[in-house]
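Engineer:
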Amino acid sequence: TTDAAANSALASGAIDIDSTGSVVLNGSLITTGANNSTGVGSAGGNVSVTVATDATATITVKGGINTDGGDSTTSGSNGGAAGTVTLDTAGGIITLDATTISAQGGSTLDASAGNGGSVTVADPVTLATNPTTINTAGNAGGAVTFQSTVDGAQQLSVNSGTADISFDAAVGAATRLGA
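Converting from the sequence shown to this note's numbering requires adding 71 to each position, the first position being numbered 1.
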């Protein structure tokens, strides 16, 4: 967790996990923007999980990734923007198991919500055991991009607000989603 202090107007810190082997995340990565009762909500930090060199290495996410922008409770002040999320192996499988990814813009009383952050999943995805949810809504939603195949007998729910949701390869070709 790398949350900025409330009312600090500071952006939250980034979380970068760079590995030469497989990565298993059991739990949550949280880098949300700070809420602000005296001004604009703070920006959430970016999250990047990367396996750079081993094409057999995998990423498994069993929990949550939260980069939401901070809320503003001051009239006329905007919510904070969300950070981005990137999951990228060197060609291995990315397993999402009961995963919730939230990159939503912070809310506000009467001004603009913060922009949602983009989510990029760069390699083949397997949905395992439980449903996965991705939400990037905000004033301008964050794009969600799956750059390779998506398979698994679990449900996948994606909300990008007004932004694009892109599947650049087959979805459910090996195993139908939600089956």
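Glycine included, C-beta positions come from ideal geometry on N, C-alpha and C.
Closer than 6 Å by C-beta to Val242: which residues in its own chain qualify, once you throw out the five before and the five after it? Chain order, please.
Structural biologist: Cβ neighbours of Val242 beyond the five flanking positions: Val221.
Engineer: Work out the CA separation of Leu167 and Thr197 for me, nearest whole Å.
Structural biologist: Their Cα atoms are separated by approximately 6 Å.
Engineer: So the candidates are Ala161, Phe217, Thr216, Thr144; which of them puts its Cα closest to the Cα of Ala184?
Structural biologist: That would be Thr144, whose Cα lies nearest to the Cα of Ala184.
Engineer: What distance in whole Å lies between the Cβ atoms of Ala75 and Ala82, which are believed to be in contact at a cut-off of 8 Å?
Structural biologist: That pair is a contact at about 6 Å.
Engineer: Going by other Cβ atoms of all chains shown within 10 Å of its Cβ, with 16 needed for buried, is Thr200 buried or exposed?
Structural biologist: By the 10 Å Cβ count, Thr200 comes out exposed.
Engineer: I need the straight-line Cα distance from Ala224 to Leu248, nearest angstrom please.
Structural biologist: Answer to the nearest angstrom: the Cα atoms are 5 Å apart.
Engineer: Using a Cβ-Cβ cutoff of less than 6 Å, which residues in the same chain neighbour Gln218 once the five nearest sequence positions on both sides are dropped?
Structural biologist: Once the five neighbours on either side are set aside, the close Cβ partners of Gln218 are Ala193, Asp239.
Engineer: So, Ala105 versus Ser148, is the Cβ gap smaller than 7 Å?
Structural biologist: No, they are not a contact pair.
Engineer: Assign Gly98 to one of two classes, buried (16 or more other C-beta atoms within 10 Å of its C-beta) or exposed (fewer than that).
Structural biologist: Its Cβ having fewer than 16 others within 10 Å, Gly98 is exposed.
Engineer: When we look at the beta-carbon of Ala123 and count the other beta-carbons within 10 Å, is it buried (16 or more) or exposed?
Structural biologist: Its Cβ having fewer than 16 others within 10 Å, Ala123 is exposed.
Engineer: Verify whether the separation of the beta carbon atoms of Leu96 and Val132 is less than 7 Å.
Structural biologist: Yes, the Cβ-Cβ distance between Leu96 and Val132 is below 7 Å.
Engineer: Using 10 angstroms around the beta-carbon of Thr43, count the other beta-carbons present and answer buried if the total reaches 16, otherwise exposed.
Structural biologist: This structure cannot settle anything about residue 43, because the visible part of the chain is limited to 72 through 250.
Engineer: Have a look at Ser173 and Thr121 and give me their C-alpha separation to the nearest angstrom.
Structural biologist: If I take the Cα positions, the gap works out to 19 Å.
Engineer: Compare the beta carbon distance of Thr127 and Gly115 with 7 Å and say whether it is the shorter of the two.
Structural biologist: Against a cut-off of 7 Å, the Cβ pair of Gly115 and Thr127 comes out as no contact.
Engineer: Shorter than 7 Å from the beta carbon of Ala234 to some beta carbon of chain D?
Structural biologist: In summary, chain D is missing from the structure at hand, where a single protein chain is found.
Engineer: Is the beta carbon of Gly110 closer than 7 Å to that of Gly140?
Structural biologist: Result no, Cβ atoms of Gly140 and Gly110 do not sit closer than 7 Å.
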